[in-house]
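Visitor: Residue numbering for the sequence shown follows UniProt numbering, starting at 1 and increasing by one per position.
Could you have a look at this structure, given as structure tokens, before my questions?
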Amino acid sequence: MNQAQRYEHLVGLTEGKKLDSDYRAAFYILSSVPELFEVAKKCVDPYGISFDKIKRSCKGNLEEYQSQLLSMAHNLFSWNSRTTATPHELSRLTYPWMEIACNAIFISSGEVSVLIQENESGEPNLVLDATPYEKTKRIYKGLQRMGERLADQMEEADAEEREGEEDWER
1 MNQAQRYEHL
11 VGLTEGKKLD
21 SDYRAAFYIL
31 SSVPELFEVA
41 KKCVDPYGIS
51 FDKIKRSCKG
61 NLEEYQSQLL
71 SMAHNLFSWN
81 SRTTATPHEL
91 SRLTYPWMEI
101 ACNAIFISSG
111 EVSVLIQENE
121 SGEPNLVLDA
131 TPYEKTKRIY
141 KGLQRMGERL
151 ADQMEEADAE
161 EREGEEDWER
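Laid out in structure tokens, this is it:
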């Protein structure tokens, strides 16, 4: 199974439940590591994801990066869960795990969507759609330019006003 198939399998276990971006971020992480997926698929149902059960099942059997990703998936899914995946710890992840962690943050924010598309061979392929994020970036940059132009216009108006006051005083 590739990541797209593992992701689809986890989504299927929710039996059509409408999934928010936090579910999708957790499933993205859990499907990225085959060992996590094997345990997680037994702990997902239409009512949620039992991270406590996943952690108990994995206790002592995970590599450090897998533990960090599992902790992060839990925290993205349930924001009030305690996490060992601090920014410092995440900064020590190597490729591809750091990229997976960062992608999951974008997915959780709702700025990136997970899409499953068929590749040339007809197999499912997991693709990230950053269209909403790119739109947010364009809007932000546009607002920044607008603010800069407005500040320039205000400076010009202030300078003209000061010149007018100086002329009036003479």
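Just so you know, even glycine gets a beta-carbon here, dropped at the ideal spot from N, CA and C.
1) Using 8 Å as the threshold, is the C-beta distance between K133 and F77 below it?
2) Go through the segment 73-152 residue by residue and report every complete run of the beta strand (DSSP E) that reaches 3 residues or more, in order.
3) Measuring straight from C-alpha to C-alpha, what distance separates A25 and A104?
4) Could you name the residues of the same chain whose beta carbon sits closer than 7 Å to that of D129, not counting the 5 residues immediately before and after it, in chain order?
5) Among the candidates L13, R138 and P87, whose CA atom is the shortest distance from the CA of F37?
6) Do you know how far the Cα of T136 is from the Cα of I29?
7) Pull up the CB-CB distance for Q3 and S32, whole angstroms please, since I reckon it's below 8 Å.
8) Ignore the nearest five residues each way along the sequence and tell me which others in Q66's own chain have a CB closer than 7 Å to its CB.
9) Have a look at L69, N80 and P96 and flag the residue whose alpha-carbon is nearest the alpha-carbon of P87.
10) Assign Y95 to one of two classes, buried (16 or more other C-beta atoms within 10 Å of its C-beta) or exposed (fewer than that).
11) Are the beta-carbon atoms belonging to F27 and V39 less than 8 Å from one another?
12) Among the candidates N61, I139, E8 and S71, whose CA atom is the shortest distance from the CA of D52?
13) When DSSP builds the beta bridges, which residues end up paired with S44?
14) In or out: A101 buried (at least 16 other Cβ within 10 Å) or exposed?
15) Tell me which same chain residues have a C-beta within less than 6 Å of the C-beta of E89, skipping the five on either side of it?
16) Looking at C-alpha atoms only, which residue of K55, K42 and I49 is the closest neighbour of K17?
17) Output needed for S57: all residues of its chain with C-beta closer than 6 Å, excluding positions within five of it in sequence on either side, in chain order.
Guide: Let me lay it out:
1) Position 133 of the sequence shown, counted from the first residue, corresponds to residue 133. Position 77 of the sequence shown, counted from the first residue, corresponds to residue 77. Residue identity check: residue 133 is Tyr in the sequence provided, not Lys. No, these two residues do not count as a Cβ contact at 8 Å.
2) 113-118 and 124-129
3) Taking the first residue of the sequence shown as position 1, residue 25 is located at position 25. Taking the first residue of the sequence shown as position 1, residue 104 is located at position 104. Near 5 Å, if we compare the C-alpha coordinates of A104 and A25.
4) For the purposes of this step, residue 129 is taken as residue 129 along the sequence shown, with counting starting at 1. Taken in chain order, the residues that qualify are V112, S113 and L115.
5) Position 37 of the sequence shown, counting from 1, holds the residue named residue 37. Taking only the C-alpha atoms, the option nearest F37 is L13.
6) Along the sequence shown, read from residue 1 onward, the residue named residue 29 stands at position 29. Along the sequence shown, read from residue 1 onward, the residue named residue 136 stands at position 136. Computed Cα separation, rounded: 24 Å.
7) Numbered from 1 along the sequence shown, position 3 holds the residue referred to as residue 3. Numbered from 1 along the sequence shown, position 32 holds the residue referred to as residue 32. With a Cβ gap of about 6 Å, Q3 and S32 count as contacting.
8) The residue you call residue 66 lines up with position 66 of the sequence shown. Only V33, E35 and L36 meet the Cβ criterion.
9) What you label residue 87 is simply residue 87 of the sequence shown in a count that begins at 1. That would be L69, whose Cα lies nearest to the Cα of P87.
10) The residue you call residue 95 lines up with position 95 of the sequence shown. That one is exposed.
11) The residue you call residue 27 lines up with position 27 of the sequence shown. The residue you call residue 39 lines up with position 39 of the sequence shown. No, Cβ-Cβ distance for F27 and V39 is not below 8 Å.
12) In the sequence shown, the residue the question calls residue 52 occupies position 52. Just measuring C-alpha positions, the residue of N61, I139, E8 and S71 sitting nearest D52 is S71.
13) In the sequence shown, residue 44 corresponds to position 44, counting from 1. The question names Ser, but residue 44 is Val in the sequence shown. V44 is bridged to I49.
14) Looking up residue 101 in the sequence shown gives position 101. Flag for A101 reads buried.
15) As a first step, residue 89 must be located in the sequence shown, where it is residue number 89. Answer for E89: Q68, listed in chain order.
16) On the sequence shown, residue 17 is found 17 positions in, with the first residue counted as 1. Of the listed residues, the one whose Cα sits closest to K17 is I49.
17) Position 57 of the sequence shown, counted from the first residue, corresponds to residue 57. Taken in chain order, the residues that qualify are V39.
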